[in-house]
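Protein chains in written order, with this note's numbering: chain A, 1 to 282; chain B, 1 to 292; chain C, 1 to 263.
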């Protein structure tokens, strides 16, 4: 598959932060249609990376590196073209809701791009249907739950028909129900519409959805691998800013009672299988 | 200090066209020195319930007894301060309440409102900032220059500096990364164990409930749907799921294992409990650390 | 906060609710103008009946309108009393130094009272039956000709609409911060004036800081969604002038005619 994003030797330095750069020589690629999770503890540079992909950071002469999105190199001239290809969902559901009602908010991005009104109506309705928020079209944001607001944000993105969706800790402020709703919606977009997904997260369930995981630490890429490869780190995942998957936690507990558990990563299903096979050997 | 609810009901904007019932028929005791977890999905009345614990809200009907004080719908708004000193409350995203120029002043703000002298309050700030795991060099920094996680610790230190007997925390780890979550909850558990603080924790994280709580209160549509020990409340997995509540992962996993033929006297709630229950049913190649 | 009726929208689907907000806004201002045409009891009666008819058509409880008058009642009574005590003419009922109570004074006092009440009813009718968002659309539409003078009409409307959208969010946040500070021993609204002023600092600073953070987040989100200013934007919301709106204008024209005839 073709690379839809190529990041080469990207460094970023916040003007007000003298000491250490937020990103240092970051290299990675994202394939079209892929789901890539970026993990790292707070302050590891994850959000800075997400914002740089969309050209949302103030350029600084000290900063080097190249970002290519769908063949276009990010510059002042191409930034709006690139933003049209990327949809971003941010962390705080309230602080990205621009419209006075759900449908106004979904339409905001289309209005910005000068889409004619009849087409706009069509796209707003289709997008709301896609995230199952049609019946809330005329609601005000104050009467929505966090999960619903994030789904409206996703509808706003769908309506713009981008190639890439970036979730910047979009589920971290939601309750478990809201988190599940948002994840289900994104999974559908990834599988059915082949939207490329980049999700920045601490949530193990969200990271488990990914095809690949990039681990950031101190503004550098420390590790890239499949979820199975990364999850095999067990307890060390905590320092990488991720929860430990359940099967790994159970393994640690079983090791303490003297069981000889396998070293490689097991899913919960795999763990149950292993336990049953061992039990049958008794 | 026990806190007891008797036939409590609460209505928001009572008497206006926008009135809405938030709590009905609440009968409940939060025991002295207990670790109580309050669970329930968003909008079930958890936050409204805990605001009665320090008289931020007064019941629309019934009584809330906080130690010696009895709060009724007629209770005057004056002289509630002693209650608020004894019952400390950490709201959701408490970093939003910071306002002082320095961390030290912000932590000292609460105690000074309750009549502690400035010198003593600043002394407490020094103690508390370390208790929440920050270095004393942060004391003279502006709270607004700190990271989100650090700001949250400062806010919690500000409540602890009031030296409350009861500590209420409304989702204290929301939005934090796993390290931050572990540290904050570890600190709460330590305060409970070492200083015998009564703790009331609102949370969506059932693993934490299973690991730390002595008592669980399940809220549903403004009523107490169930109370009991975590062991008792989490046994009925189907009931919890039908009320849109999470279940500790261990309980879910143990249910799966049961279907395959493993046997448990009681559904285990933590990984350690599950491992202990599985040990006799597995061939152990080496003796466990606990057996030595 | 909840006692304030002025500026509050009561959802509904009456004839008045469905009128074009531009028409409603302009006619409300027009009403303030024509009320000064009334100079006798017949014309005031006409205006009163017309206003009550509009109120009735909105199907909003009359109580809301009466509550709209309440915050201004002292201003109204003060003006009416001045009018009564300082107007001479007709039969003189009472006098003391420069103060008099005359026939004309009483009549004029009554007229002024009516004038206030009718203006308040009409403007309350506008805000009770028009969602704030539609009002901001109406303002944008009415201001459009001023684009010629480089007035950033579109930006002004977007500002109003974002401000309106954040009102409930900020009220919520105010309450949360107040509760948090109350839990830390702050007493809002008690003690001396200087104590009250001091109590407000722990509320205002977090509110400002959080609002700035929100504004920054919102600006980033808007940029990510392609916002580059008003140039070249299309509009999702459009206002359409319908027959019923022309009818409303016609009703006002008839009333104006009658008022002139009654003079």
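Cβ coordinates follow ideal geometry from the N, Cα and C atoms, glycine included. Predicted, not measured: the structure shown is a model, and the values here were computed from it.
Best match in the options for proximity to residue i [C-alpha to C-alpha]
| i | options | result |
| --- | --- | --- |
| residue 122(C) | 52(C), 243(C), 222(C), 205(C) | 52(C) |
| residue 94(A) | 193(A), 147(A), 34(A) | 147(A) |
| residue 62(C) | 96(C), 120(C), 45(C) | 120(C) |
| residue 55(A) | 74(A), 43(A), 39(A), 41(A) | 74(A) |
| residue 1(B) | 159(B), 65(B), 248(B) | 65(B) |
| residue 30(B) | 140(B), 38(B), 24(B), 4(B) | 4(B) |
| residue 91(B) | 175(C), 100(C), 25(C), 12(C) | 175(C) |
| residue 94(B) | 6(B), 277(B), 148(B) | 148(B) |
| residue 163(A) | 63(A), 69(A), 28(A), 14(A) | 69(A) |
| residue 19(C) | 58(C), 36(C), 33(C), 109(C) | 58(C) |
| residue 255(B) | 232(B), 172(B), 215(B), 238(B) | 238(B) |
| residue 221(B) | 274(B), 6(B), 47(B), 14(B) | 47(B) |
| residue 128(B) | 103(B), 63(B), 52(B) | 103(B) |
| residue 221(A) | 138(A), 115(A), 108(A), 45(A) | 45(A) |
| residue 73(B) | 81(B), 89(B), 42(B), 52(B) | 52(B) |
| residue 263(C) | 35(C), 65(C), 181(C) | 35(C) |
| residue 26(B) | 253(B), 265(B), 226(B) | 226(B) |
| residue 99(A) | 91(A), 108(A), 177(A) | 108(A) |
Per DSSP, the bridge partner or partners of residue i
| i | result |
| --- | --- |
| residue 89(C) | In DSSP, residue 89(C) forms no bridge with anything. |
| residue 95(C) | 100(C) |
| residue 165(A) | 87(A), 197(A) |
| residue 212(A) | 36(A) |
| residue 246(A) | Answer is none; residue 246(A) lacks a bridge partner. |
| residue 5(B) | 28(B), 64(B) |
| residue 35(B) | 199(B) |
| residue 217(A) | 220(A) |
| residue 20(B) | 12(B) |
| residue 73(A) | 68(A) |
| residue 225(A) | 213(A) |
Beta-carbon proximity of residue i to residue j, cut-off 8 angstroms
| i | j | result |
| --- | --- | --- |
| residue 28(B) | residue 217(B) | yes |
| residue 238(C) | residue 117(A) | yes |
| residue 41(A) | residue 241(A) | yes |
| residue 72(A) | residue 82(A) | yes |
| residue 277(A) | residue 247(A) | no |
| residue 32(B) | residue 198(B) | yes |
| residue 226(C) | residue 113(A) | yes |
| residue 57(B) | residue 10(B) | yes |
| residue 109(B) | residue 100(B) | yes |
| residue 106(A) | residue 155(A) | yes |
| residue 87(B) | residue 113(B) | no |
| residue 23(A) | residue 53(A) | no |
| residue 253(A) | residue 227(A) | no |
| residue 38(C) | residue 49(C) | no |
| residue 168(B) | residue 50(B) | yes |
| residue 154(B) | residue 107(B) | yes |
| residue 169(A) | residue 200(A) | yes |
| residue 131(C) | residue 44(C) | no |
| residue 159(A) | residue 195(A) | no |
| residue 295(C) | residue 120(A) | A question about residue 295(C) goes unanswered here, because the residues of chain C that appear run from 1 up to 263. |
| residue 244(C) | residue 15(C) | yes |
| residue 212(B) | residue 194(B) | no |
First and last residue of the uninterrupted beta strand (DSSP E) at residue i
| i | result |
| --- | --- |
| residue 25(A) | 23-31 |
| residue 176(C) | From DSSP, residue 176(C) is part of no beta strand (DSSP E) but of the alpha helix (DSSP H) over 153-183. |
| residue 24(C) | Note, residue 24(C): premise wrong, no beta strand (DSSP E); alpha helix (DSSP H) at 21-34. |
| residue 68(A) | 66-69 |
Span of the alpha helix (DSSP H) around residue i
| i | result |
| --- | --- |
| residue 140(C) | 132-143 |
| residue 12(A) | Not the alpha helix (DSSP H): residue 12(A) falls in the beta strand (DSSP E), residues 3-12. |
| residue 226(C) | Here residue 226(C) belongs to no alpha helix (DSSP H), and DSSP marks it neither H nor E. |
| residue 282(A) | Taken as a continuous stretch (DSSP letters only), residue 282(A) belongs to no alpha helix (DSSP H), as it is neither H nor E. |
| residue 103(A) | 102-112 |
| residue 157(A) | 146-159 |
| residue 270(C) | Residue 270(C) cannot be examined here, being either before or after the span of chain C that is shown, 1 to 263. |
| residue 41(A) | No alpha helix (DSSP H) contains residue 41(A), which DSSP labels as neither H nor E. |
Inset, instruction - Counting only runs of 4+ residues fully inside the segment 192-265 of chain B, write out the alpha helix (DSSP H) ranges in chain order. - result: 206-212, 230-233, 237-242, 249-260
Inset, instruction - Run through the segment 122-206 of chain B for me and flag every whole alpha helix (DSSP H) of 4 or more residues, listed as ranges in chain order. - result: 148-160, 178-195
Inset, instruction - Could you tell me which uninterrupted alpha helix (DSSP H) segments, each at least 4 residues in length, are contained entirely in the segment 59-122 of chain B, listed from first to last along the chain? - result: Positions of the alpha helix (DSSP H) runs, each at least 4 residues long and wholly inside the segment 59-122 of chain B, are given as 81-86, 103-113 in order along the chain.
Inset, instruction - Ignoring anything shorter than 4 residues or poking outside the segment 184-217 of chain C, list the alpha helix (DSSP H) runs there in chain order. - result: none
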